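What the sequence shown shows, in the numbering used here, is residues 3 to 255, in sequence order.
Note that beta-carbon positions come from the ideal geometry of N, C-alpha and C, so glycine has one too.
Please read all numbers here as calculations on a predicted model, not as lab measurements.
A short write-up of the structure that comes next.
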Amino acid sequence: MTDDSEIRSPRIDRLRDLPPTERRVAMRRLASAGREVIELMSSSAASSEELTEAAEQLESVVEILRGHTSGSAYEGVAEMANAGDQLSDMRRMAEEGNPEAWAQFDNSPFIGLANPMSPPMVLGYEGDAVVAHVTFGSAFEGPPACVHGGYIAAAFDEVLGAAQSLSGDQGMTARLITNYRSPTPLHEPLRIEARLDRREGRKIFVTGRMTVGDRLTAEAEGLFIALDREMYVKLLAARADMNARTGPDAKKD
3 MTDDSEIRSP
13 RIDRLRDLPP
23 TERRVAMRRL
33 ASAGREVIEL
43 MSSSAASSEE
53 LTEAAEQLES
63 VVEILRGHTS
73 GSAYEGVAEM
83 ANAGDQLSDM
93 RRMAEEGNPE
103 AWAQFDNSPF
113 IGLANPMSPP
123 MVLGYEGDAV
133 VAHVTFGSAF
143 EGPPACVHGG
153 YIAAAFDEVL
163 GAAQSLSGDQ
173 GMTARLITNY
183 RSPTPLHEPL
193 RIEARLDRRE
203 GRKIFVTGRM
213 TVGDRLTAEA
223 EGLFIALDRE
233 MYVKLLAARA
243 DMNARTGPDA
253 KKD
C-alpha cells in the first residue's frame, strides 16, 4: 500500500498530512490532557477533598471554553465513510493549501488527536491490509480488566471503515458482525487488521481481526453501502439544523 497510484484510505493519509498549525497543536495538547484526566478519573483513589479540588479546577476550565462552542468547528464530519463527493472538494482544498481541509479526521472519537475521547488509535498499511494499533485505558472497561465489547465493535467499525475505502469509494456501515473469541485486556497493545473482501455493486464487504500478542480476541465482518450524493446532502442539512438548534446562538426557551 505504499504506491501512490494505488487506492488508499483518506482517513489514514490525510490525518498524517494535517499541518501543525498553532491552533491544532493547542487542540491536541488540550485533548491529550483531557485524555489523561479521563484515565486518572477512571482509576483514581483520591480522597473526597482532593476530588472536590480537582472538580473545582476542571469547572474553571469549562468556563474558559463554554463561550466558544459553535456546533461543528470544521467542514466535514469526523466519520468520513459518508463523505461522498465532498472528498474531491476536500482534496482540492488541501491542494490549495487550506490547513483545515481535512481537520475532521483530528476530531474522530477513535483516531483523532484533538478528541479527548480518542484512545487514540493509530492506523497504517501492511500489504493489502489496514492495520491499527491501540491500547484501551481504564475508561473503556467492561468485564474486569477487559475492554467493553461495545468499544471493540466500534473499533472494528473504524478500521473496517478505513479498509472499505480501498474499494475506491466511500460507504456507510450497513451491517457489522463482531465475534468475541477471548477476553480483550485493558492497558495492553492491541492490533486490529482489516482487509477488503469484495465489492458487489454498491455493497462493499470487509473482514477484520483483533489480537493481543499472538492471541485472537475478536473477529468482525462488515458490509458498507456506497453512499450517493443526494443522501450525503441530506445528512449535511440535518447537521446544519442540529447546529442551529443546539449551538450558542440557538433560541433558548
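Cβ pair residue i, residue j closer than 8 Å
i      : j      : result
Ile186 : Ala220 : At residue 186 the sequence reads Thr, which differs from the Ile that was named. Yes; because the gap between Cβ atoms is below 8 Å, this pair is in contact.
Leu168 : Leu198 : yes
Gly163 : Ile227 : no
Leu218 : Thr137 : no
Ala209 : Ala196 : The displayed chain sequence assigns Thr, not Ala, to residue 209. Yes, they are a contact pair.
Arg26  : Asp108 : yes
Leu188 : Ala134 : no
Gly151 : Tyr182 : yes
Element boundaries [alpha helix (DSSP H), containing residue i]
i      : result
Ile9   : No alpha helix (DSSP H) contains Ile9, which DSSP labels as neither H nor E.
Glu41  : Glu24 to Ser44
Glu143 : That residue, Glu143, is in no alpha helix (DSSP H); it is neither H nor E in DSSP.
Arg68  : Ser50 to Arg68
Ile154 : Gly151 to Gln166
Delimiting residues of the beta strand (DSSP E) encompassing residue i
i      : result
Val136 : Ala131 to Val136
Ile179 : Gly173 to Tyr182
Glu190 : Segment: none, Glu190 is in no beta strand (DSSP E) and carries neither H nor E.
Arg204 : Where Arg204 is concerned, there is no enclosing beta strand (DSSP E), given that its DSSP letter is neither H nor E.
Leu115 : Taken as a continuous stretch (DSSP letters only), Leu115 belongs to no beta strand (DSSP E), as it is neither H nor E.
Ala222 : Arg217 to Ala228
Gly170 : First-last for Gly170: undefined, no H or E at that position.
Buried versus exposed call for residue i [16 or more other C-beta atoms within 10 Å across all chains shown]
i      : result
Met82  : Since pLDDT at Met82 reaches only 48, below the 50 mark, its modelled position is unreliable, and the value read off the structure follows with that caveat. Met82 should be labelled buried.
Gly224 : buried
Arg94  : exposed
Ile206 : buried
Gln166 : buried
Leu47  : In the sequence as displayed, the identity of residue 47 is Ala instead of Leu. Result: exposed.
Val79  : In this predicted model, Val79 has a pLDDT of only 46, less than 50, meaning its place in the structure is not dependable enough to derive any value.
Pro122 : buried
Leu229 : buried
Gln106 : buried
Residue-level contact to chain B via CB, residue i, 8 Å cutoff
i     : result
Glu61 : The structure shown contains no chain B; it holds only a single protein chain.
How about the segment 143–163 and the segment 175–184: do they share at least three Cβ pairs that are nearer than 8 Å?
Under the three-pair Cβ rule at 8 Å, the segment 143–163 counts as touching the segment 175–184.
With contact counted as at least three CB pairs below 8 Å, one residue from each stretch, are the segment 111–122 and the segment 21–37 in contact?
Touching, yes, given that three or more Cβ pairs across the two stretches are closer than 8 Å.
Determine contact between the segment 40–48 and the segment 138–151, defined as no fewer than three beta-carbon pairs at a distance below 8 Å.
Touching, per the Cβ criterion.
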